[in-house]
Every structure is written in C-alpha cells, then in structure tokens.
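**Q**
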Amino acid sequence: MHKCSPFCSSFKEKRLTHGVLVGSLLAAFTISIVFKSYFCTQLSVSIVLLTFSLHDAVHIQSQSSMDAAENQFMMFKDAGLLQELVEEGTSAKSIFNACDCEPISNYCEINGDVAVQGNSSTISMVSLRTGIPAGEISWTVKPYVRKENAAAMDLVKSWAVTSMEFLHCDLIQTVPAILFSLGGFSGNHFHDFSDLVIPLYITSRQFNGEVQFVVTDNRHWWISKFRGILGNLSRYNIVDIDQERKTHCYPSMIVGLKYHHELGIDQSKSQLSMKDFRQFLRRTYSLKRAKAIKIGDDARKRPRLLIITRRKSRSFTNIDKITRMTSSLGYNVVTMEPNISTSLGSVAETVNSCDVLMGIHGAGLTNMVFLPDNAIVIQIVPLGSIDELAKQDFEQPAMDMELRYLEYKIKAKESSLISKYKADHLIIKDPLSVHKQGWDAVRSVYLDKQNVKLDVKRFRPTLLKALQLLHQ
0 MHKCSPFCSS FKEKRLTHGV LVGSLLAAFT ISIVFKSYFC TQLSVSIVLL
50 TFSLHDAVHI QSQSSMDAAE NQFMMFKDAG LLQELVEEGT SAKSIFNACD
100 CEPISNYCEI NGDVAVQGNS STISMVSLRT GIPAGEISWT VKPYVRKENA
150 AAMDLVKSWA VTSMEFLHCD LIQTVPAILF SLGGFSGNHF HDFSDLVIPL
200 YITSRQFNGE VQFVVTDNRH WWISKFRGIL GNLSRYNIVD IDQERKTHCY
250 PSMIVGLKYH HELGIDQSKS QLSMKDFRQF LRRTYSLKRA KAIKIGDDAR
300 KRPRLLIITR RKSRSFTNID KITRMTSSLG YNVVTMEPNI STSLGSVAET
350 VNSCDVLMGI HGAGLTNMVF LPDNAIVIQI VPLGSIDELA KQDFEQPAMD
400 MELRYLEYKI KAKESSLISK YKADHLIIKD PLSVHKQGWD AVRSVYLDKQ
450 NVKLDVKRFR PTLLKALQLL HQ
C-alpha cells in the first residue's frame, strides 16, 4: 500500500533529509486548477476547487513557506476575489474553475494526482489545506455521452468524485488515464461509433498512445469487437475497473469522453476531422482503397454497390428484384447483413471495396465510415416523417466524411404498414400525430414494425444518379 503526499505530482516518494530540502519555493507559489468540471446538472453552484501545483524540481523549503502560501490563498478568499473570478468565468489557467457546460456528454479533466477505486466506484484527488476539508466536496458522475437521455443513463454506473488529504495507491501508473463507460446504448452499431468510438478517438488522440483506458460497465464482446481500434489508440492494457480490488493511481485522468455530434467531429472544437478518423480506420484495418472508382478512368470496371440487408425490421421484402434491376444498370451488386458474429475487419474490407452503399435507415449505414472517399451513400427513408432523424444520423455525417449522399423516400404503397392499416389511418396519412405520442411510439410503429417493398421502377432514377456522380 502506497501513501501519496499532496506534493507527489508523479507519485514518486520524496524522502525528507535532516537538512533543508533541495530547491526553493516558486516566487509566487503557483496555484492551479486540477479539476475541470462539466457536470453542470450535478452542481447548483460553482465549486471552487484549488490545489497547489509544483514542478517536480521544486520542493517545499519549510513549513512556514506552506503557511505563507495558504495565507495568500485566504487573502483571496477573504477579499471576495474568488467569487468575482467565478462570476467572470476565469479560464482554466487561473486561480479556480467555474462550472463549464458540455451540452451532450459528461466530461471532466483531473490534472493532478488521482486514485481510482473500482470496488467503491470512487475517483479521489488530492486536497490541500485550502479551508475546504477533504471529503466535503463530492458529487457523482456517469462517464457516458447523452447525459440528458434517461434510458441511456440508467445503464451507466455512477462514480463518486471526491477530494482526500492523501491518496492510497496499490498500483502506480506513469501515464494518464481515460475512464469511460461501455453501458448506455453500446451494442447498437450506430451508437458504438457515435457514442463511443469517435468520442474516444477525439479524447485520446492527443496522447499518441501514451494513455491507459479504464472502462466501467465493461462488455467483453465490445472490447473484442473493437480491439484493433483500441490497440491503435492506447499502447497499454485496458483496465476493467469494476473487477479491480486494487486502487490504481494516475498522474492525471479524463473522466468521460468528448462528444461533438452524431457520427462526427466538429473541426471548430478540435484539431481533428472525420477525414483524419477515416484515415485512421484505413490504417487500422489495412484498407486498400482511398478513393471510389471514377467510371471514365476504366470503362471495363463495373462500380460495386453494397446493399445492407436486415432481418428483424426495416428489411427489403423484394431484395432479389432489387438486385436484378441494379445489376442491369451496370453495377456489381454485393449484399451484406452485418451481425455480432461478423468481424469488424471483414465488414470494413467489404465496405471499402465498394463505391456505393445503400440501405434502409438504420445502424447498418454506420459502416459508411469504411467507404473510400467520394463514394456514394443512398439512404432509404421509410414511412414515418423521420426526415430530420435521417439527416442528423447519416446525411450530414456522410458529407463530413467526403462522401456523396442520395436519399430515397418511400411512398405508403412501398411500406408493409399499408397491409396493416387503411390508407386513411393516421399512421399512414399523418405520421406526425404519432410523433406527438413520443419517441417510443415512433420507434415502435415506424422502426420496429415496418419493412419495405421497394418500387424498383421509381427507385431506378436514384441509381442512375449515382452512376452519373461516379462519372464526375
């Protein structure tokens, strides 16, 4: 068991000698933020959390120096300057940090010594004598995106964040850590990428592999599925923290993942882009094609078109007819139904070999991340007035990925719902009336209980448009 001093910035024990410790106190004694919080919903007021930051080469000269530094802090506190700084929203480099909001994700940075205890689901950081007793600052966080989605959050473990006078460490790590949950909506291929893989890429890329992933709510099959991606983002073993009895200590930690928007990266918030992410995927899975075919370059080559098929819902009921018509236009047609038993590497290779990907709105379209640049995505939008959802989930992300996007909205006669309800039923003629009943009703009717019999004659111009784009 290791007992860590408040001044052990790299968790190395500093031995006292009989003489004065080597070094000198910083001239103004740097006071820095160790905790950058984005859990606005957890806090009713801004919490001032301070620690004293020392460079490894700087040591405490005497107890009187410590007292002087504390007195300096109390002068700020007594003068009322702390509250003024809170109200002005001083930056993270200043004397304290006010609550700063991320709209979607639970995310924070602990830029100082931190201990993680899996058996108690506790994250502890060092607190000095700043007038706030250790242990009195404590709140809970759930390290997953979609913090406003109760259904997702119900599947995520809560972690207590608190401060302590000393950290007790069983295992001392030398690299930072990122703690995140594999609960929530993991297992849905779209959410696997949108909620976890892309946010993890955004959050961890800055470390260039020198970071350890600490997962809670672990799903072993998820780790196995994305092992290639995880291994290229971190050089260290993944810690299943819920199963750990020992306390892990780190020089710093990020709790939660940065999230920008559905299946994407906002370049205004990051130095990364979806182009960077897709290049990362190509390297990870050794994908050969960077660009889609340009038909004029080689008239002998037929563009490959991949049809994503489904079984349980939103499936094509006339897939053979669709395949024949598509082939007659000059496409080399491939069909694929990705499932949990299909390796992600195999899926990536198949998708990357194609120039056009088409499918009904659903998680399978997420595989467009593996398409070569300038390839084409065709989203079949089922009945149900889900245009905004279709745009948010796949249209805008496709454009951000340097893909071309086409959309085909089915008519009522192409929906299997027409066999269950009359043409004048509200479900058919007024889907927005179902929207008023809430998302569960929309999902149940239009996503879980609808299949599509594509009108191949009506759909034909969309495929011709795709061919035209491949000539450009």
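So for the sequence shown, numbering that gives the first Met the number 0 puts the first residue at 0; every next one is plus one. Backbone N, C-alpha and C define an ideal beta-carbon position, used for all residues, glycine too.
Check the DSSP bridge columns for residue 403 and list the partner residues they point to.
**A** Your numbering for residue 403 matches position 404 in the sequence shown. Paired residue(s): 375.
**Q** Taking buried to mean at least 16 other C-beta atoms within 10 Å of its own C-beta, is residue 370 buried or exposed?
**A** Taking the sequence shown and counting its residues from 1, the one referred to as residue 370 is at position 371. It is buried - the Cβ of residue 370 has at least 16 other Cβ atoms within 10 Å.
**Q** Could you give the first and the last residue of the continuous beta strand (DSSP E) run that contains residue 137?
**A** The residue you call residue 137 lines up with position 138 of the sequence shown. Residue 137 -> beta strand (DSSP E) spans 137 to 140.
**Q** For residue 336, I'd like the list of residues in its chain whose CB is within less than 6 Å of its CB, leaving aside the five on either flank, ordered along the chain.
**A** Along the sequence shown, one-based indexing puts residue 336 at 337. Closer than 6 Å at Cβ, skipping near neighbours: 308.
**Q** Would you mind giving the Cβ-Cβ distance between residue 431 and residue 409, rounded to the nearest angstrom? I have them listed as a contact below 8 Å.
**A** Within the sequence shown, numbered from 1, the residue matching residue 431 stands at position 432. Within the sequence shown, numbered from 1, the residue matching residue 409 stands at position 410. Not really, about 17 Å apart at Cβ, beyond 8 Å.
**Q** Looking only at C-alpha atoms, which of 106, 324 and 187 sits nearest to residue 339?
**A** The count along the sequence shown starts at 1 and reaches residue 339 at position 340. Nearest C-alpha to residue 339: 187.
**Q** Per DSSP, residue 370 is paired with what?
**A** Counted from its first residue, the sequence shown places residue 370 at position 371. Note: residue 370 sits in no beta bridge, so no partner.
**Q** Tell me which residues share the same chain as residue 343 and place their Cβ nearer than 6 Å to its Cβ, disregarding the 5 neighbours each side in the sequence.
**A** What you label residue 343 is simply residue 344 of the sequence shown in a count that begins at 1. The residues are 224.
**Q** So is residue 230 buried or exposed if we call it buried at 16+ other beta carbons inside 10 Å?
**A** What you label residue 230 is simply residue 231 of the sequence shown in a count that begins at 1. Exposed: under 16 other Cβ atoms inside 10 Å.
**Q** With a cut-off of 8 Å, do at least 3 Cβ pairs link the segment 143 to 160 to the segment 253 to 268?
**A** yes
**Q** Can you tell me where the alpha helix (DSSP H) with residue 230 in it begins and where it stops?
**A** Sequence index remark: in the sequence shown, residue 230 carries index 231 (1-based). Run containing residue 230: 226 to 232, per the alpha helix (DSSP H) assignment.
**Q** Taking its Cβ as the centre, do 16 or more other Cβ atoms sit within 10 Å of residue 318, making it buried, or is it exposed?
**A** As a working note, residue 318 is residue 319 in the sequence shown. With fewer than 16 other beta carbons inside 10 angstroms of its own, residue 318 counts as exposed.
**Q** Do residue 453 and residue 315 have their CB atoms nearer than 8 Å?
**A** Reading the sequence shown from its first residue, position 454 is the one you call residue 453. Reading the sequence shown from its first residue, position 316 is the one you call residue 315. Their beta carbons are under 8 Å apart, which means residue 453 touches residue 315 by this criterion.
**Q** Run through DSSP, which three-state label would residue 363 get?
**A** Working through the sequence shown from its first residue, we reach residue 363 at position 364. Reduced to three states, the DSSP call for residue 363 is helix.
**Q** What residues in its chain sit with their C-beta under 8 Å from that of residue 421, if we drop five residues either side in the sequence?
**A** For this step, residue 421 is matched to residue 422 along the sequence shown. Excluding positions up to five away in sequence, the list reads 427.
**Q** Is it true that the CB of residue 466 sits closer than 8 Å to the CB of residue 329?
**A** Along the sequence shown, one-based indexing puts residue 329 at 330. Along the sequence shown, one-based indexing puts residue 466 at 467. In this structure, residue 466 lies closer than 8 Å to residue 329 by Cβ.
**Q** Going by the beta-carbon positions, is the gap between residue 177 and residue 262 smaller than 8 Å?
**A** To locate residue 177, count along the sequence shown from 1; it is residue 178. To locate residue 262, count along the sequence shown from 1; it is residue 263. Contact: no.
**Q** Residue 457: buried (16+ other C-beta within 10 angstroms of its C-beta) or exposed?
**A** By one-based count along the sequence shown, residue 457 stands at place 458. Answer is exposed; the Cβ neighbour count stays below 16.
**Q** Just mark residue 247 as buried or exposed, buried being the case when its beta carbon has 16 or more other beta carbons within 10 Å.
**A** Position 248 of the sequence shown, counting from 1, holds the residue named residue 247. Buried.
**Q** For residue 245, which residues from the same chain have a beta carbon less than 7 Å from its beta carbon, with the 5 sequence-adjacent residues on both sides left out?
**A** As a position in the sequence shown, residue 245 is number 246, starting the count at 1. Excluding positions up to five away in sequence, the list reads 169 and 170.
**Q** Return yes when the Cβ of residue 291 is within less than 8 Å of the Cβ of residue 354, no when it is not.
**A** Along the sequence shown, one-based indexing puts residue 354 at 355. Along the sequence shown, one-based indexing puts residue 291 at 292. At the C-beta level, residue 354 and residue 291 come within 8 Å of one another.
**Q** Once you ignore the five residues that flank residue 455 on each side, which residues in its own chain have a CB closer than 7 Å to its CB?
**A** In the sequence shown, counting from the first residue as 1, residue 455 sits at position 456. The residues are 320, 321 and 324.
**Q** Tell me whether the beta-carbon of residue 211 lies closer than 8 Å to the beta-carbon of residue 235.
**A** Numbered from its first residue, the sequence shown carries residue 211 at position 212. Numbered from its first residue, the sequence shown carries residue 235 at position 236. Yes; because the gap between Cβ atoms is below 8 Å, this pair is in contact.
**Q** Contact check, residue 213 vs residue 115 under 8 Å by CB: the rounded distance?
**A** The residue you call residue 213 lines up with position 214 of the sequence shown. The residue you call residue 115 lines up with position 116 of the sequence shown. For a cut-off of 8 Å, the C-beta gap from residue 213 to residue 115 is around 6 Å, short enough to register as a contact.
**Q** In chain order, what residues of the same chain lie with their CB nearer than 8 Å to the CB of residue 156, ignoring the 5 residues before and after it?
**A** Here residue 156 corresponds to residue number 157 of the sequence shown, with the count starting at 1. Excluding residues within five positions, the ones whose Cβ falls inside 8 Å are 120, 141, 180, 182, 215, 216 and 241.
**Q** Tell me, which residues are paired with residue 192 by DSSP?
**A** Residue mapping note: residue 192 aligns to position 193 of the sequence shown, counting from 1. Beta-bridge pairing links residue 192 to no other residue.
**Q** Whose C-alpha, out of 446, 437 and 150, is nearest the C-alpha of residue 361?
**A** Reading the sequence shown from its first residue, position 362 is the one you call residue 361. Selected option, being the one with the closest Cα: 446.
**Q** Hey, out of 347, 272, 424 and 220, whose CA is closest to residue 363's CA?
**A** Against the sequence shown, residue 363 aligns to sequence position 364. Looking at the Cα atoms, 347 is the closest of the given residues.
**Q** Using only the alpha-carbon positions, how far apart do residue 201 and residue 293 sit?
**A** On the sequence shown, residue 201 is found 202 positions in, with the first residue counted as 1. On the sequence shown, residue 293 is found 294 positions in, with the first residue counted as 1. Taking the straight line from one Cα to the other gives about 32 Å.
**Q** Quick one: using the 10 Å Cβ neighbour count with 16 as the cut-off for buried, is residue 158 buried or exposed?
**A** Counting from one through the sequence shown, the residue named residue 158 turns up at place 159. Counting the other CB atoms within 10 Å of its CB gives residue 158 a total of 16 or more, which places it among the buried residues.
**Q** Where does the unbroken alpha helix (DSSP H) through residue 108 begin, and where does it stop?
**A** Translated into positions along the sequence shown, residue 108 becomes position 109. No alpha helix (DSSP H) contains residue 108, which is instead part of the beta strand (DSSP E) from 107 to 109.
**Q** Should residue 413 and residue 451 be called a contact, given that it needs their Cβ atoms to be closer than 8 Å?
**A** Translated into the one-based positions of the sequence shown, residue 413 becomes position 414. Translated into the one-based positions of the sequence shown, residue 451 becomes position 452. Cβ distance < 8 Å, so residue 413 and residue 451 count as in contact.
**Q** Taking the alpha-carbon positions, what's the residue 102 to residue 268 distance?
**A** As a first step, residue 102 must be located in the sequence shown, where it is residue number 103. As a first step, residue 268 must be located in the sequence shown, where it is residue number 269. Each residue's alpha carbon lies about 13 Å from the other.
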